[in-house]
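Protein sequence lines correspond, in order, to chains S and P.
If you use the numbering used here, the first sequence corresponds to residues 1 to 328, in order.
If you use the numbering used here, the second sequence corresponds to residues 329 to 753, in order.
For every residue, glycine included, the Cβ atom is placed at its ideal position computed from N, Cα and C.
In this text the structure is predicted, and so the values were computed from the model without any measurement.
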Amino acid sequence: MSVQTEKVDSVPAAGVRKNDAPPGGPAASSTERAGGSAPYLLLLPALLATAVLLGYPLVKNGMLSFQNLNPRQLILHLTEWNGVDNYKEVLGSSDFWRVVERSVLFTAANVVLIMLLGMLVGLLLARLGKKMRLLLMLGLVLAWAMPMIAATTVYQWLFAQRFGVVNYVLDSLGWHSMADFNWTSSQFSTFSLVTLVIVWQSIPFVAINLYAASTTIPKELYEAASLDGAGSWKSFTSVTLPFLKPFLLATTFLEVIWVFKSFAQLFAINGGGPDRLTETLPVYAFVEGVGNQHFGMGAAISFLTIIVLLAMTGYYLRTVLKQEEDEL
Amino acid sequence: MKRGLIAAIGVVALLAGATACGSDDKTDSSSKKTGPDSYKGQTLTVWAMDGSTPPGWTKDLTAAFKKKTGATLKFQTQKWDGIQQKITTALSESTPPDVIEVGNTQTPAYAATGGLADLSDLKQEIGGDWVDALNKSSVFDGKQYAAPWYFANRVVIYNKKVWADAGITDTPKTRDEFFKDLDAIKKKGKAEPIYMPGQNWYFFDGLTIGQGADLVKKEGDKYVSNLSDPKVAAAMELYKKYQSYSKAPKDKDEATPQQAEVFAKGKVGAFIGMGWEAGTAIAANKKIEGDIGYFTIPGETADKPEGVFLGGSNFAVAAGSKKQDLAKEFLKLALSDQFEGQLAKENGVIPNKESLNSNLTGNGAAAAPAAAGGGTTPLIPEWAAVENAPNPIKSYMTAVLNGKSPADAAKAVEAEINKRLSQKS
Chain S
1 MSVQTEKVDS
11 VPAAGVRKND
21 APPGGPAASS
31 TERAGGSAPY
41 LLLLPALLAT
51 AVLLGYPLVK
61 NGMLSFQNLN
71 PRQLILHLTE
81 WNGVDNYKEV
91 LGSSDFWRVV
101 ERSVLFTAAN
111 VVLIMLLGML
121 VGLLLARLGK
131 KMRLLLMLGL
141 VLAWAMPMIA
151 ATTVYQWLFA
161 QRFGVVNYVL
171 DSLGWHSMAD
181 FNWTSSQFST
191 FSLVTLVIVW
201 QSIPFVAINL
211 YAASTTIPKE
221 LYEAASLDGA
231 GSWKSFTSVT
241 LPFLKPFLLA
251 TTFLEVIWVF
261 KSFAQLFAIN
271 GGGPDRLTET
281 LPVYAFVEGV
291 GNQHFGMGAA
301 ISFLTIIVLL
311 AMTGYYLRTV
321 LKQEEDEL
Chain P
329 MKRGLIAAIG
339 VVALLAGATA
349 CGSDDKTDSS
359 SKKTGPDSYK
369 GQTLTVWAMD
379 GSTPPGWTKD
389 LTAAFKKKTG
399 ATLKFQTQKW
409 DGIQQKITTA
419 LSESTPPDVI
429 EVGNTQTPAY
439 AATGGLADLS
449 DLKQEIGGDW
459 VDALNKSSVF
469 DGKQYAAPWY
479 FANRVVIYNK
489 KVWADAGITD
499 TPKTRDEFFK
509 DLDAIKKKGK
519 AEPIYMPGQN
529 WYFFDGLTIG
539 QGADLVKKEG
549 DKYVSNLSDP
559 KVAAAMELYK
569 KYQSYSKAPK
579 DKDEATPQQA
589 EVFAKGKVGA
599 FIGMGWEAGT
609 AIAANKKIEG
619 DIGYFTIPGE
629 TADKPEGVFL
639 GGSNFAVAAG
649 SKKQDLAKEF
659 LKLALSDQFE
669 GQLAKENGVI
679 PNKESLNSNL
689 TGNGAAAAPA
699 AAGGGTTPLI
709 PEWAAVENAP
719 NPIKSYMTAV
729 LNGKSPADAA
739 KAVEAEINKR
749 LSQKS
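Next comes the structure, spelled out in structure tokens:
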């Protein structure tokens, strides 16, 4: 969906330059060949879907964020505009800023872990023999294919306080204080558990992506490097890494979004508890908005969430936009 | 390559969409009058809470309703968890469920939203001798917004075999005796003396009432938290003592896992719950049926049982329902002496009229003289917000059980409680 949307921006720009652009430029030639309104018609279904499924909720959400919308207003279908009151209240509360800080740290920790472990697994995939690679691939794809709530439930069972396998194993290995350990009793242990689930769910994506990328590196480069006396570390840093850099950047960017917006895992495991200490922005928006039935407030928080996310991914977006300008 | 930006917006928009519900289009909620003859072929949807509708009662009532009106009765069972959000959404729709069961502590809040139909005429017609204490929650601003259905009392449900194994011959009459019995079971070492999760706030509220205190107090013209009251702290200490006999998680309530199902495994001496939870246990393990016994939660002295939270339920009619008259026909039937009595008998709950209490004779589950030592949270619209997850009362309980002093734990959650109590609607 997003790919098509991107073209709608670039096509007019290319169209303007169509006449004086030298033939052979990729954007220009494709526009020439297609001609007239055909590309727009082809884009229409996707644009329509985007507008209905994303645009409408976004606009609606924006409108809600300027309303005082509680059960009474919802049930009686009242529209009470209250200007920027919701934003004022959210931005003025120390809770919100604590949640923002927590969300950023949580995302950073998870993304770093995912990228490190994912890269290691990806490199391992490249090195393995055929059969083992297939086996590992299979495991990765299965983990990736597991529905989110199902995976979360399985982890909840694994880490259950009284009858969980993990506590049982830790106990049998001699760590007896873990026999009845409650994994959701503190902020740190809850976050650890959630992080484990999220990292486990994300590694396949990164690993397979990077494995695919690494297969495009020409073998000769490694030979040349080893002839120059480069060890394995040296050839990794001066051959593999530069090649993988664009992939790493793109994957990191996607992972930041994915982790930042993760809601199901956090909410299913402990509802943002204990004592609301593991609420990240999406959970906070849900608890304040839907849970406490302040729908306008929830809308304001979710809008601010988008802004925080944009700020976090700003660096990547800038580089991408810059590249785009250079290309034009 | 602007896809990054667009993907970012898209992804978050999806997430933002989660909170974007509700609509501001006006729907005409005035009900169309329909004569009795036109009921035929209609379906009346009733939302009842988990456990409220025993099978025999449901079957007989559905049949009687069909016979009387020609319309079909459709019960939909709802879970307590997250019920407020569900009811709010349902009431805002153009075709809400026609009749809903609303918990007594939450009824004032819904009455205040304007989503419930005025039942004052029904009260005049059939509600002459409804028990006052039960009816209180249904009245808001002088109008009747719901009809009282039943009270549910909490009792001790115990496993006779476990108690006999520990050499206990009689049920306890005072709190100290109760603790002594629990000690005996603990010493025996074969079973968990009592199953008591950390967040059974209904039981905690009962203990608070027993201490002569309340969870909130009135300050000027508004309600604020009363958790820092030493009497509440004393109630919490009692709760802590009960909880120390249990291996149940300190950060979960009685529904996760269902305490009756834990009890059904036969390794638990007792738990505190509603009479009908025995039925849940029997459904989970048929063999336990013969071992189940009940007694009133004992208090400080033998003559005064422990305070209990009088959970209760009302039937309310959605203001947006197009079948107002049919809904009232349903209420007249369901709340008639016949069916109210049958419900009391079958579910062990206290009926809405004192004259029907005879149905409880010989029913162990409802053995306790309820109204005497019972109470509820304040019946004000602002209260319901406190019960929303994450319920600060539960956070307070877990904090104390994890070693915080009651005073410190109270301080930590009072701001949240006060915020919720002062929420503008």
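Closer than 8 Å to the CB of G442 of chain P there is at least one CB belonging to chain S. Interface annotation, G92 of chain S: not in contact with chain P, CB-CB separation never under 8 Å. Across the set P:A474, P:T705, P:T624, the C-alpha of P:A474 shows the shortest separation from the C-alpha of N642 of chain P.
As summarised for the region 44-125 of chain S, the continuous alpha helix (DSSP H) elements at least 4 residues long and confined to that stretch are 56-64, 71-76, 85-92, given in chain order. Cβ neighbours of A264 of chain S within its own chain (closer than 7 Å, five residues either side excluded): M148, I149, T152. Taking a beta-carbon distance threshold of 8 Å, Q370 of chain P does not count as an interface residue toward chain S. In the DSSP assignment, M602 of chain P forms a beta bridge with P:R482. With fewer than 16 other Cβ atoms from the protein chains shown falling within 10 Å of its own Cβ, S37 of chain S counts as exposed. Nearest CB-CB separation between Q412 of chain P and chain S: below the 8 Å threshold. Secondary structure of K515 of chain P (DSSP, three-state): helix.
As the crow flies, the alpha-carbon of L310 of chain S is around 37 Å from that of L419 of chain P. Residue pairing of P679 of chain P in beta bridges, as defined by DSSP: P:Y478.
In summary, the residues of the region 60-77 of chain S whose CB is separated from some CB of chain P by less than 7 Å are K60, N61, L64, L69, N70, P71, R72, L74, I75, L76, H77, in the order they occur in the chain. The Cβ atoms of E565 of chain P and G384 of chain P lie no closer than 8 Å to each other. Along the region 552-579 of chain P, going in chain order, the ones with a CB nearer than 8 Å to a CB of chain S are K575, P577, K578, D579. For N292 of chain S, the closest Cβ of chain P is nearer than 8 Å. For Q527 of chain P, no alpha helix (DSSP H) segment is defined, and its DSSP state is neither H nor E. With a threshold of 16 other beta carbon atoms within 10 Å, A224 of chain S falls short and is exposed. An exposed status is given to S750 of chain P, since fewer than 16 other beta-carbon atoms sit within 10 Å of its beta-carbon. One thing to note: G703 of chain P has its Cβ within 8 Å of the Cβ of I537 of chain P.
Per DSSP, the continuous alpha helix (DSSP H) segment holding G298 of chain S begins and ends at 295-312. In its chain, beyond the 5 residues on either side, L372, D426, V427, V645, S649 have a beta carbon closer than 7 Å to the beta carbon of A655 of chain P.
Taking C-beta separations shorter than 7 Å and ignoring five residues to either side along the sequence, the partners of S553 of chain P in its chain run V544, E742, I745, N746, following chain order.
Counting C-beta atoms within 10 angstroms of its own C-beta, V169 of chain S has fewer than 16 neighbours from the protein chains shown and is therefore classed as exposed.
Rounded to the nearest whole angstrom, the CA to CA distance from I257 of chain S to S465 of chain P is 47 Å. Interface flag for P274 of chain S against chain P is set, since a Cβ pair is found closer than 8 Å. Taking the CA atoms as reference points, G534 of chain P sits about 5 Å from F637 of chain P.
The C-beta separation of K471 of chain P from A494 of chain P comes to about 53 Å, leaving the pair out of contact by the 8 Å criterion. Neighbours of A713 of chain P in chain S, taken as residues at a C-beta separation under 8 Å, are given in chain order as N292, Q293. Between the alpha carbons of T107 of chain S and P282 of chain S lies a distance of about 12 Å. For T624 of chain P, no beta strand (DSSP E) run applies, since DSSP gives it neither H nor E. In terms of Cβ geometry, D378 of chain P and K407 of chain P form a close pair [threshold 8 Å].
The C-alpha of V728 of chain P is placed about 37 Å away from the C-alpha of N680 of chain P. In the displayed model, E220 of chain S falls within a helix according to three-state DSSP. Rounded to the nearest angstrom, the Cβ distance from I522 of chain P to Y570 of chain P is 6 Å, consistent with a contact under 8 Å. Under the three-state reduction of DSSP, Y573 of chain P is assigned to coil, being neither helix nor strand.
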